[in-house]
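Structure representation (structure tokens):
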């Protein structure tokens with residue numbers, strides 16, 4: 022990928038579009054707000070100044086998970102069902118087969134190929150997942166699925182931050198208030214961090230955030246259970262009205278109903294295979310670090 026980007030010393034009379042290569046190889050950033058343009062422009066100019074400080078460590082990249090890298094709500098419920106009856110998550114192969122039906126956001130491979138390239142070039146120090154999800158084990162499972170699906174080296178994603186392993190946890194409307202300082206060492210400044218998130222209003226360091234539109238798609242895929250030894254029994258319970266077999270207060274019933282509820286809420290949401298947000302984020306990383 023090649024892109025010619027020139028930022029003059031006096032940028033007061035320029036806008037971001039002046040620096041965009043109009044060739045089809047790199048997106049000209051359609052369907053994004055002026056706030057996005059200004060945020061990216063500010064980050065680029067700040068990076069240009071910071072690069073003069075050769076002693077500063079490469080930046081850390083923080084990534085939100087659900088509705089940013091993919092739509093993982095239904096798969097989270099599936100994992101709960103597996104845990105209840107198998108005491109383990111689905112295999113990585115099974116998980117990827119399910120997630121690749123539309124749960125993974127379009128252009129996820131391209132996005133992580135760029136991240137892997139930047140890490141190899143030592144232009145990014147750490148890649149961190151930062152999520153409101155309280156289940157560390159589930160996010161770790163998703164991390165493995167993402168790395169294998171995108172064919173990047175294992176360990177490309179360095180750390181996971183969630184409410185279970187950070188201090189001073191606070192929520193707003195069910196969303197974690199994220200402080201990028203959590204991933205830094207003593208005397209390190211979060212000015213050198215970048216966060217990609219679909220809820221930028223919940224990040225304390227707002228100048229460090231690149232906003233992304235939320236991605237929602239419900240993959241209703243009961244085939245993922247077909248090879249499980251316990252599925253026939255559970256399926257029979259699901260469709261019975263005999264309260265002796267399945268109480269409406271039982272964990273089995275509530276878990277399966279959660280899956281059905283999500284289907285009702287999100288099941289008619291079409292998968293937008295033309296969603297280009299991660300392609301835009303790939304271009305953003307190139308502009309920020311690789312020019």
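In the working numbering, the protein residues as written are 22 to 312.
Even glycine gets a Cβ: it sits at the ideal position worked out from N, Cα and C.
Keep in mind that this is a model prediction, so the values were computed, not measured.
Exercise. Among the residues of its own chain, which have a CB less than 8 angstroms from the CB of residue 157, if the five just before and after it don't count?
Worked result: Excluding sequence positions up to five before and after residue 157, its CB lies within less than 8 angstroms of the CB of 181, 183, 185, 186, all in the same chain and listed in chain order.
For this session: Select from 177, 161, 154 the residue whose C-alpha is nearest the C-alpha of residue 141.
Result: Residue 177 is the option with its Cα nearest to residue 141.
Exercise. Less than 8 angstroms separating the beta-carbons of residue 313 and residue 240?
Worked result: No information on residue 313 is available, as it lies outside the stretch 22 to 312 that the chain covers here.
Exercise. Going by DSSP, what residues sit across from residue 149 in a beta bridge?
Worked result: 83, 180.
Exercise. Does the region 164–172 come close enough to the region 185–200 to have 3 or more Cβ pairs within less than 8 angstroms?
Worked result: These segments do not touch.
Exercise. DSSP three-state call for residue 217: helix, strand or coil?
Worked result: Of the three classes helix, strand and coil, the one that applies to residue 217 here is strand, per DSSP.
Exercise. When DSSP builds the beta bridges, which residues end up paired with residue 192?
Worked result: Looking at the DSSP assignment, residue 192 forms a beta bridge with 197.
Problem set entry | Cβ contact check for the region 212–219 and the region 91–107: 3 or more pairs under 8 angstroms | Taking one beta carbon from each stretch, the region 212–219 and the region 91–107 have fewer than 3 pairs nearer than 8 angstroms; the two do not touch.
Exercise. Residues in its own chain within less than 7 angstroms of residue 88 by CB, not counting five upstream and five downstream?
Worked result: In chain order, 219, 235, 236, 237 place their CB closer than 7 angstroms to the CB of residue 88, counting only its own chain and leaving out the 5 sequence neighbours on each side.
Problem set entry | Within 8 angstroms, strictly: CB atoms of residue 82 and residue 148 | Yes, Cβ-Cβ distance for residue 82 and residue 148 is below 8 angstroms.
Exercise. Can you list, in chain order, the residues of its chain whose CB lies under 6 angstroms from that of residue 251, leaving out five sequence neighbours each side?
Worked result: Correct list, in chain order: 106.
Exercise. Between which two residues does the alpha helix (DSSP H) containing residue 231 stretch?
Worked result: For residue 231, there is no enclosing alpha helix (DSSP H); the residue is part of the beta strand (DSSP E) that begins and ends at 230–232.
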